[in-house]
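In the working numbering, the protein residues as written are 2 to 136. For every residue, glycine included, the Cβ atom is placed at its ideal position computed from N, Cα and C. Have a look at the structure below before the remarks.
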Ligand code: HEM
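Written as structure tokens, this is what we have:
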């Protein structure tokens with residue numbers, strides 16, 4: 002009889018379930034592509050700098066730490082929270098809804114087929130975060 006190896010269950014972070022940074026870069030890039038191309042997000046787009054290049058990587062790195070992966074973004078930003086990053090911007094409830102809509106679409110397109118429950122949960126919590134910035 003062979004001895005059974007008792008494997009301790011290892012907690013899996015959302016970051017690991019998501020497939021790491023490449024998947025988060027795909028979501029971030031799709032999000033900014035949608036923001037940049039769909040008239041429904043024109044007001045949100047107008048609040049951002051002409052080039053979205055820096056934002057694409059910045060959002061991916063934020064999502065990496067936020068989902069339980071390496072915390073590069075938080076270290077580079079001295080642990081600042083997203084709410085304080087957005088304090089200088091006057092965010093209407095309409096614009097918060099635009100952010101949430103573009104993000105839900107991006108997540109759905111990139112992750113919706115491979116892991117529908119994770120896609121839904123990620124959209125739900127980011128929707129909450131975005132809407133809590135609107136007033
Ligand atoms: C609620 C609606 C939101 C609006 C209107 C908004 C708008 C903005 C604007 C105007 C900037 C500066 C961009 C620039 O300099 O070109 C910014 C930065 C940023 N936003 Fe948002 N944002 C929203 C929600 C969110 C949410 C929910 C997240 C995270 C899940 C997020 C993540 C970021 C990141 C990572 C940065 C860059 C910060 C940095 O690394 O310097 N935003 N946002």
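Identity of the residue in the options nearest residue i by Cα
i           : options              : result
residue 18  : 133, 85 and 117      : 117
residue 127 : 105, 135 and 72      : 105
residue 45  : 107, 130, 111 and 90 : 90
residue 22  : 40, 79 and 57        : 57
residue 49  : 80, 136, 5 and 92    : 92
residue 14  : 47, 68 and 53        : 68
Same chain only: Cβ atoms within 6 Å of residue i, ignoring 5 sequence neighbours per side
i          : result
residue 74 : 62, 63 and 66
residue 70 : 16
8 Å Cβ shell around residue i - same chain, five flanking residues per side excluded
i           : result
residue 109 : 120 and 124
Proximal residues to residue i (C-beta, below 7 Å), its chain only, five neighbours per side dropped
i           : result
residue 132 : 97 and 101
residue 25  : 19, 61, 64 and 65
The alpha helix (DSSP H) enclosing residue i, as first and last residue numbers
i           : result
residue 128 : 117–134
Q | alpha helix (DSSP H) runs contained entirely in the stretch 11–98, provided each spans 4 or more residues | A | 15–19, 21–38, 43–47, 54–67, 73–77 and 83–87, all fully within the stretch 11–98.
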